[in-house]
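Numbering (the numbering used here), first residue to last: 6 to 207. Just so you know, even glycine gets a beta-carbon here, dropped at the ideal spot from N, CA and C. Since the structure comes first, as structure tokens, the remarks are kept for the end.
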């Protein structure tokens with residue numbers, strides 16, 4: 006009888022203690038999972054340098070205004086603390102989406118569209134990892150590195166596109182000059198023949 010009384014008393018006490026302990030762990034886990042606002046943590050590489058746009062690519066960038074805005078934002082996101090990264094990643098996602106949707110006709114090639122799609126994806130992933138409830142610094146850093154690579158590859162592709170266009174233009178110009186030269190030679194031969202005929206008649 007006494008044992009039964011103790012068991013009736015002991016079970017609820019153990020349940021209360023267990024419940025209190027689990028609540029304590031739960032709140033502790035939530036604290037551990039809350040986003041870090043530690044401004045001392047820097048993401049990206051503040052000394053990272055993208056390749057320079059060639060002169061014709063830079064001229065195109067002026068007309069394709071959002072490209073200039075995106076490149077500036079991508080440069081500035083390197084070396085950001087957590088809060089700045091969150092804000093800039095949202096802007097980068099919007100800019101990359103706009104870049105992908107508004108490609109100028111002169112740049113509308115498969116290779117450039119492919120680079121822009123990768124850039125759009127990397128920007129979206131950076132936004133995603135920087136807005137998670139639990140911040141994984143390594144994932145954020147990897148995402149920043151991948152974005153930097155995507156930006157670099159786009160710039161390289163733009164420069165190559167204009168370089169190829171310039172080579173094609175030069176080749177076409179050379180061919181036209183060669184044709185003109187050949188035509189002048191033919192004309193001069195014909196003139197000499199005509200002159201020769203005139204001289205014979207005289």
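With the cut-off set at 7 Å, would you say residue i and residue j are in Cβ contact?
i           : j           : result
residue 100 : residue 74  : yes
residue 103 : residue 71  : yes
residue 128 : residue 98  : yes
residue 94  : residue 131 : yes
residue 199 : residue 62  : no
residue 209 : residue 149 : A query on residue 209 cannot be resolved here, the shown segment of the chain reaching from 6 to 207 and no further.
residue 45  : residue 90  : no
residue 153 : residue 53  : yes
Looking at the structure shown, is residue i part of a helix, part of a strand, or coil, going by DSSP?
i           : result
residue 132 : helix
residue 59  : coil
residue 105 : helix
residue 53  : coil
residue 126 : helix
residue 147 : helix
residue 111 : helix
residue 137 : coil
residue 31  : At residue 31, the pLDDT of 45 sits below 50, so the modelled position is not reliable and the matter cannot be decided from this model.
residue 41  : Confidence is the limiting factor: at residue 41 the pLDDT is only 48, short of 50, which leaves the residue's position unreliable, though a coordinate-based value still follows. In the structure shown, residue 41 sits in coil (DSSP, three-state: anything other than H, G, I, E or B).
residue 161 : helix
Looking only at DSSP bridge pairs, what is residue i linked to?
i           : result
residue 142 : Residue 142 pairs with nothing; no bridge assigned.
residue 85  : 48
Please decide whether residue i counts as near chain B, where near means a Cβ-Cβ distance under 7 Å.
i           : result
residue 165 : Structure shown: chain B not included; a single protein chain is present.
If contacts are defined as beta-carbon pairs under 8 Å, then residue i and residue j qualify, I think. What distance do you get, rounded to the angstrom?
i           : j           : result
residue 123 : residue 155 : 5 Å
residue 157 : residue 55  : 6 Å
residue 77  : residue 160 : Not confirmed; about 13 Å, so no contact.
residue 112 : residue 65  : 7 Å
residue 86  : residue 47  : 6 Å
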